[in-house]
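Everything on this sheet refers to the single structure shown next.
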Amino acid sequence: MNIPIQVVSFLSSRGLKLATAESCTGGQIASYLASVPGSGACLDVGFVSYSPSGKAGFLGVRQSTMKRYGLTSEAVAREMAEGALRQEGCCVDIAVSNTGLADSGAHGGSDDDPPPGTQCFAWSFRRRGNEFTTFAETRRFSGDRNDVRSAAALYALSRVEHYFDQLPRVERDH
1346 MNIPIQVVSF
1356 LSSRGLKLAT
1366 AESCTGGQIA
1376 SYLASVPGSG
1386 ACLDVGFVSY
1396 SPSGKAGFLG
1406 VRQSTMKRYG
1416 LTSEAVAREM
1426 AEGALRQEGC
1436 CVDIAVSNTG
1446 LADSGAHGGS
1456 DDDPPPGTQC
1466 FAWSFRRRGN
1476 EFTTFAETRR
1486 FSGDRNDVRS
1496 AAALYALSRV
1506 EHYFDQLPRV
1516 ERDH
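Numbering (the numbering used here), first residue to last: 1346 to 1519.
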């Protein structure tokens, strides 16, 4: 079974809704889900916040976080995912985020940039009382710009069920 189909099946079988907060993948995570018939039952909204101002203005990522950790960081990915869950009118259970560097020079090519292909992800789950449990990872993918973006989008989806299973049972009983 392919990853998007598996994720739609998993979410639908549990009545869960998902949002995406994407930077480097530019909407591919949401697009992969939307390609699956029946995905409307589980894909609620997709945010694409490519720039620092978009991350701050639409998802509430703090300037201090971006400055301290850099745009390609788990800290920024966490704030993106949690920011998606905080959006007014967003009543999803899970938010998946991605921020990264698809190729050299994406952030200006400074020596401080992580290696090309570095991708940071977060998976944030809404808990009772409007609190969140968030998991984050950094991975590096190879290939050209679009190979990296595609691999990152599929990887983000592939970990949804894994991190859901890490939640305490009381939080999983939706």
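Just so it is clear, CB atoms sit at the ideal spot from N, CA and C, and this is done for glycine as well.
Cα-Cα, which of R1471, D1457, V1353 is closest to S1384?
The sequence position of residue 1384 within the sequence shown is 39, counting from 1. The shortest Cα separation from S1384 among R1471, D1457, V1353 belongs to V1353.
Burial state of E1423 (16 or more Cβ within 10 Å)
In the sequence shown, counting from the first residue as 1, residue 1423 sits at position 78. A small correction: the amino acid at residue 1423 is Arg; Glu does not occupy that position in the sequence shown. Burial call: buried.
Would you check if there are 3 or more beta carbon pairs closer than 8 Å linking the segment 1479-1491 to the segment 1458-1466?
Pairwise C-beta distances place the segment 1479-1491 in contact with the segment 1458-1466, as three or more of them are shorter than 8 Å.
CB-CB under 6 Å to S1469, same chain, minus the five flanking residues each way: which ones, in chain order?
Indexing the sequence shown from 1 puts residue 1469 at position 124. Hits under 6 Å: A1426, E1427, L1430, A1440, F1477, T1479.
Would you report the Cα separation of T1370 and G1474, rounded to the nearest angstrom?
Taking the first residue of the sequence shown as 1, we reach residue 1370 at position 25. Taking the first residue of the sequence shown as 1, we reach residue 1474 at position 129. Their Cα atoms are separated by approximately 31 Å.
I'd like the span of the alpha helix (DSSP H) that includes D1510, first residue to last.
Reading the sequence shown from its first residue, position 165 is the one you call residue 1510. D1510 -> alpha helix (DSSP H) spans 1505-1511.
Locate the alpha helix (DSSP H) running through T1410, then write down its first and last residues.
In the sequence shown, counting from the first residue as 1, residue 1410 sits at position 65. T1410: member of the alpha helix (DSSP H) spanning 1408-1414, first to last residue.
Taking A1467 as part of the beta strand (DSSP E), name the residues at either end of that continuous run.
Numbered from its first residue, the sequence shown carries residue 1467 at position 122. DSSP places A1467 inside the beta strand (DSSP E), whose first and last residues are 1463-1471.
Who are F1486's beta bridge partners in DSSP?
Counting from one through the sequence shown, the residue named residue 1486 turns up at place 141. Answer by DSSP bridge pairing: none, since F1486 is not bridged.
Cβ pair L1502, P1382 closer than 8 Å:
Position 157 of the sequence shown, counting from 1, holds the residue named residue 1502. Position 37 of the sequence shown, counting from 1, holds the residue named residue 1382. Against a cut-off of 8 Å, the Cβ pair of P1382 and L1502 comes out as no contact.
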